[in-house]
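Number of protein chains: 2
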Amino acid sequence: MIRVGVDLGGSNLRAALFTDDSATPTRVIRQPVGSQRDPDAVCSAIATVVEELTAAHIATVTVPISVGVGVAAMLCDRRGTIANAPNLGWRDIAFGPLLASKLGDRFAIGIYNDVNAIAWGEAAFGGGRGAADMLAVYVGTGIGAGLVTNGQLVEGTSSCAGELGHCKIAWGADAAPCACGSRGCVEAYAGGASIMQRIKRDLSDGLSLATVVLAGGIDAATPSHVDQAATDGDPWALELWQEMATALAVAIGNALALLNCERLVLGGGLLGRTPTLLEHVLAALEVVAPRAAMTPLTIVAAELGDDAGLVGAADLARRGVSIVGA
Amino acid sequence: MIRVGVDLGGSNLRAALFTDDSATPTRVIRQPVGSQRDPDAVCSAIATVVEELTAAHIATVTVPISVGVGVAAMLCDRRGTIANAPNLGWRDIAFGPLLASKLGDRFAIGIYNDVNAIAWGEAAFGGGRGAADMLAVYVGTGIGAGLVTNGQLVEGTSSCAGELGHCKIAWGADAAPCACGSRGCVEAYAGGASIMQRIKRDLSDGLSLATVVLAGGIDAATPSHVDQAATDGDPWALELWQEMATALAVAIGNALALLNCERLVLGGGLLGRTPTLLEHVLAALEVVAPRAAMTPLTIVAAELGDDAGLVGAADLARRGVSIVGA
Chain Z
12 MIRVGVDLGG
22 SNLRAALFTD
32 DSATPTRVIR
42 QPVGSQRDPD
52 AVCSAIATVV
62 EELTAAHIAT
72 VTVPISVGVG
82 VAAMLCDRRG
92 TIANAPNLGW
102 RDIAFGPLLA
112 SKLGDRFAIG
122 IYNDVNAIAW
132 GEAAFGGGRG
142 AADMLAVYVG
152 TGIGAGLVTN
162 GQLVEGTSSC
172 AGELGHCKIA
182 WGADAAPCAC
192 GSRGCVEAYA
202 GGASIMQRIK
212 RDLSDGLSLA
222 TVVLAGGIDA
232 ATPSHVDQAA
242 TDGDPWALEL
252 WQEMATALAV
262 AIGNALALLN
272 CERLVLGGGL
282 LGRTPTLLEH
292 VLAALEVVAP
302 RAAMTPLTIV
312 AAELGDDAGL
322 VGAADLARRG
332 VSIVGA
Chain Y
12 MIRVGVDLGG
22 SNLRAALFTD
32 DSATPTRVIR
42 QPVGSQRDPD
52 AVCSAIATVV
62 EELTAAHIAT
72 VTVPISVGVG
82 VAAMLCDRRG
92 TIANAPNLGW
102 RDIAFGPLLA
112 SKLGDRFAIG
122 IYNDVNAIAW
132 GEAAFGGGRG
142 AADMLAVYVG
152 TGIGAGLVTN
162 GQLVEGTSSC
172 AGELGHCKIA
182 WGADAAPCAC
192 GSRGCVEAYA
202 GGASIMQRIK
212 RDLSDGLSLA
222 TVVLAGGIDA
232 ATPSHVDQAA
242 TDGDPWALEL
252 WQEMATALAV
262 AIGNALALLN
272 CERLVLGGGL
282 LGRTPTLLEH
292 VLAALEVVAP
302 RAAMTPLTIV
312 AAELGDDAGL
322 VGAADLARRG
332 VSIVGA
């Protein structure tokens with residue numbers, strides 16, 4: 012069935028047309044969001060792209076074409092209301108209804124949190140394929156997750172499910188402050204941005220000359236250099252990775268204790284580039300996650316890369332999940 | 012539709028016949044498990060009770076009668092295999108198939124973890140009624156939970172979902188040992204058994220004469236006395252309750268961050284008798300749970316009491332959830 016997936020980020024708007032049952036788009040359009048960033052202008056731009064992708068089909072289809080939009084935003088209901096999209100500067104925007112008004116009743120629109128759309132893409136077509144109970148965890152600048160239970164995406168009552176990054180691993184006055192305004196979130200320790208800050212601080216304190224040499228300077232140091240240093244046996248790098256791995260494993264293990272998943276999908280920009288950190292995470296999971304949760308679990312890497320969100324959003328809309336106005 | 016709910020604990024076997032769409036049983040049988048505790052004898056006893064409850068109906072029904080059994084055990088699949096039932100002394104028992112062989116094909120049997128059956132009872136007929144996304148947390152001797160997402164019970168891939176009590180709030184060598192064999196589980200701090208140990212230890216160390224006086228002796232002291240002492244302003248009791256409340260709130264708040272529930276149902280033998288502790292838990296949740304998870308959430312008390320498991324198990328079987336051999 013014809014369907015469209017849209018990925019709306021802070022910088023780029025991507026849209027893909029799917030015309031068969033695969034995860035391979037027939038056509039993809041990618042363009043900058045540009046300087047006209049108010050909701051009306053962005054919805055008009057999305058509508059133009061969707062109409063262009065579907066122009067050859069619109070006359071022949073007899074039911075509304077499904078359009079799923081994954082957006083880098085905190086939603087607050089299942090009808091596409093955006094509470095906060097920091098990268099777009101939006102607050103309290105009736106995004107779903109606005110886009111629906113642009114596209115009209117030839118289209119059936121679903122608005123999804125971007126990480127949820129990505130996780131569903133993996134569940135339906137990627138690393139989570141065939142697993143009725145799946146957790147997908149993405150460790151990049153921040154930490155996000157998507158949950159599938161009984162074969163369905165868990166959006167939660169206001170489309171805010173999956174906030175693994177804001178699970179607390181510390182509390183009280185000493186807990187690390189998080190960008191979300193709270194304290195002690197795992198993201199405030201083991202998210203990519205937090206790890207980068209920690210690396211700069213520790214290297215500035217002279218804790219690992221080996222890593223500075225590997226990186227060619229303190230300011231050039233990245234988690235990849237730390238991973239290399241850890242692989243080489245640098246004590247600071249090993250200790251830092253053990254600490255980060257434990258933080259991630261506690262948060263993930265607690266989610267597994269609750270969800271008893273068949274599959275854990277790991278992705279995101281950080282873990283893909285830090286194989287030694289990943290090894291530590293897997294080892295720490297064996298220690299901190301309940302055995303009953305680990306026994307039936309298979310752990311795999313995310314497969315779909317940048318297309319996961321497009322594939323997932325399109326498929327969710329096709330399945331009629333959280334359709335605006337339905 | 013005629014259905015039977017069974018609750019198999021370590022001491023008692025209870026079974027209830029439901030003949031209308033309500034949560035009120037038409038008839039209940041309760042008897043001790045007794046001294047014949049091998050799986051064959053227990054399954055025979057269950058079959059006898061189920062046949063007695065349904066004797067007046069079995070000739071008139073045209074489809075198998077649904078029988079849902081909630082069992083105080085760790086299951087390891089969705090077909091009723093028990094990995095471990097400490098109170099019955101069972102390990103690796105094909106409980107579902109064994110019971111099915113006793114009852115024959117006039118009955119359709121589902122085996123559920125007892126806490127999951129209780130949680131589903133609340134979801135379908137109790138405090139969680141009408142909420143598609145619900146978390147039910149029971150704080151008694153241990154800490155258990157049941158999850159409902161998209162209107163369905165989350166059993167997990169091997170029927171071990173909902174193990175909130177074994178979410179970690181501490182790790183490493185200093186973390187408290189848990190009865191499960193791991194360390195740092197929230198149950199090892201804020202489960203009723205752990206709280207009792209802590210109370211005895213602290214009172215033996217002379218930390219609260221006021222509580223000893225209230226209880227009439229150290230060995231007589233219960234969480235209810237501590238709750239009274241906290242209500243009266245005893246510094247030790249207030250501090251202990253703040254610590255326990257934070258532990259519970261971190262575990263519950265992390266689950267809410269993942270699940271974004273509409274409803275949180277609180278129950279279990281401890282929280283019902285400690286209103287001041289409950290107040291502290293609710294206040295701590297406001298601090299540690301993400302705002303986006305708290306905004307749409309309603310918190311209620313469990314409504315169904317001891318019948319929740321019977322009601323829930325019967326209803327799950329009626330809905331065809333995890334039917335043995337299906």
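Residue numbers (the working numbering), protein chains in the order written: chain Z, 12 to 337; chain Y, 12 to 337. Cβ atoms here follow ideal geometry from the backbone N, Cα and C, with glycine treated the same way. Fair warning: this is a prediction, and the values are worked out from it, not measured in the lab.
Check whether residue i and residue j have beta carbons under 8 Å apart
i      : j      : result
Y:E198 : Y:G176 : yes
Y:P286 : Y:D238 : yes
Z:L267 : Z:L308 : yes
Y:M305 : Y:E314 : no
Y:A27  : Y:F136 : no
Z:G107 : Z:I120 : yes
Z:L259 : Z:A181 : no
Z:A56  : Z:G320 : no
Z:S169 : Z:D88  : yes
Y:G79  : Y:A325 : yes
Y:G141 : Y:A147 : no
Y:A130 : Y:G323 : yes
Y:R14  : Y:S112 : no
Z:P75  : Z:F118 : yes
Y:I122 : Y:V261 : no
Y:V311 : Y:G264 : no
Z:R329 : Z:M12  : yes
Own chain, CB closer than 6 Å to residue i, minus 5 neighbours either side, in chain order
i      : result
Y:W247 : L218 and S219
Z:R284 : S235
Y:T257 : A295
Z:R102 : N95
Z:A204 : T152
Y:I40  : A26 and V60
Y:L289 : L282
Z:G280 : G151
Y:A134 : M145 and V159
Z:R90  : G107 and V335
Y:G183 : none
Contacts around residue i, its chain only, beta-carbon distance under 8 Å, and the 5 residues preceding and following it disregarded
i      : result
Z:T160 : A143, D144 and L270
Z:I104 : P50, T92, I93 and A96
Z:C189 : H177, G195, C196, E198 and A199
Z:A337 : A119 and G331
Y:I69  : E62, I76 and R117
Contact set for residue i: own chain, Cβ-Cβ below 7 Å, skip 5 residues either direction
i      : result
Y:H236 : T222, L225 and A226
Y:G20  : A83 and N98
Z:K179 : G195 and C196
Z:R48  : L99 and G100
Z:H11  : With chain Z running from 12 to 337 in the structure shown, residue 11 of chain Z is simply not present.
Y:S22  : P43 and V44
Z:G162 : A143
Y:L327 : G79, G121, Y123, A128, W131 and L164
Integer Cβ distance of residue i from residue j, believed to fall under 8 Å
i      : j      : result
Z:D372 : Z:G81  : The structure shown does not extend to residue 372 of chain Z, since chain Z is modelled only from 12 through 337, so no value can be given for it.
Z:C171 : Z:L110 : So it is not a contact: roughly 20 Å between Cβ atoms.
Z:P276 : Z:L164 : Looking at the sequence itself, residue 276 of chain Z is Val, so the reference to Pro does not match. Contact doesn't hold; Cβ gap of about 13 Å is too wide.
Y:L24  : Y:V44  : 5 Å
Y:L214 : Y:I229 : 5 Å
Z:M207 : Y:A303 : Z:M207 to Y:A303, Cβ: 25 Å. No contact.
Z:G167 : Y:C272 : 7 Å
Z:G16  : Z:Y149 : The Cβ separation is near 18 Å, so there is no contact.
Z:I210 : Z:A187 : Wrong, their Cβ atoms sit about 15 Å apart, outside the cutoff.
Y:L114 : Y:A58  : 5 Å
Query raised in the report: Taking any Cβ of chain Z, which residues in the stretch 244-268 of chain Y have a Cβ under 7 Å from it, in chain order?
Result: Residues of the stretch 244-268 of chain Y with a C-beta less than 7 Å from any C-beta of chain Z: T257, V261, G264, N265, A266 and A268, listed in chain order.
Report task. Write down every uninterrupted run of the alpha helix (DSSP H) in the stretch 119-151 of chain Z whose length is 4 residues or greater and which is fully enclosed by it, in chain order. Result -> Taking only runs of at least 4 residues, the alpha helix (DSSP H) segments lying wholly in the stretch 119-151 of chain Z are 125-136.
Report task. For the stretch 280-322 of chain Z, list the beta strand (DSSP E) runs that are entirely contained and at least 3 residues long, ordered along the chain. Result -> For the stretch 280-322 of chain Z, whole beta strand (DSSP E) runs of length 3 or above, ordered along the chain, are 309-312.
Query raised in the report: Using a beta-carbon distance cut-off of less than 9 Å, what residues from the stretch 147-164 of chain Y approach chain Z?
Result: Within the stretch 147-164 of chain Y, the residues whose Cβ lies closer than 9 Å to some Cβ of chain Z are A156, L158, T160, N161, Q163 and L164, listed in chain order.
Query raised in the report: Listed from N- to C-terminal order along the chain, which residues in the stretch 168-183 of chain Y have their beta-carbon within a distance smaller than 7 Å of any beta-carbon of chain Z?
Result: Sequence-ordered contacts of the stretch 168-183 of chain Y with chain Z read T168, S169, C171, A172, G173, E174, L175, H177, C178, K179 and W182 [C-beta pairs closer than 7 Å].
Report task. For the stretch 129-148 of chain Z, enumerate the residues whose C-beta is nearer than 8 Å to any C-beta of chain Y, in chain order. Result -> Answer in chain order: A142, A143 and D144.
**Report entry** Completely contained alpha helix (DSSP H) runs for the stretch 199-279 of chain Z, where each covers 4 or more residues
**Finding:** Listed in chain order, the complete alpha helix (DSSP H) runs (minimum 4 residues) inside the stretch 199-279 of chain Z are 203-215, 220-226, 234-242 and 246-270.
Query raised in the report: Can you list, in chain order, the stretches of the beta strand (DSSP E) that have 3 or more residues and sit fully within the stretch 81-120 of chain Z?
Result: Look at the stretch 81-120 of chain Z and you find these whole runs of beta strand (DSSP E), each 3 residues long or longer: 93-96 and 101-104.
Query raised in the report: When Cβ atoms are compared, which residues of the stretch 272-305 of chain Y fall closer than 7 Å to chain Z?
Result: Here the close residues are C272, E273, V299, P301, A303 and A304.
Query - Proximal residues, the stretch 195-221 of chain Z versus chain Y, C-beta separation under 7 Å - result: Identification of residues in the stretch 195-221 of chain Z having a C-beta nearer than 7 Å to some C-beta of chain Y yields an empty set.
Query raised in the report: Taking Cβ-Cβ distances below 8 Å as the criterion, which residues of the stretch 92-118 of chain Y are in contact with chain Z?
Result: From the stretch 92-118 of chain Y, only A94 have a Cβ closer than 8 Å to chain Z.
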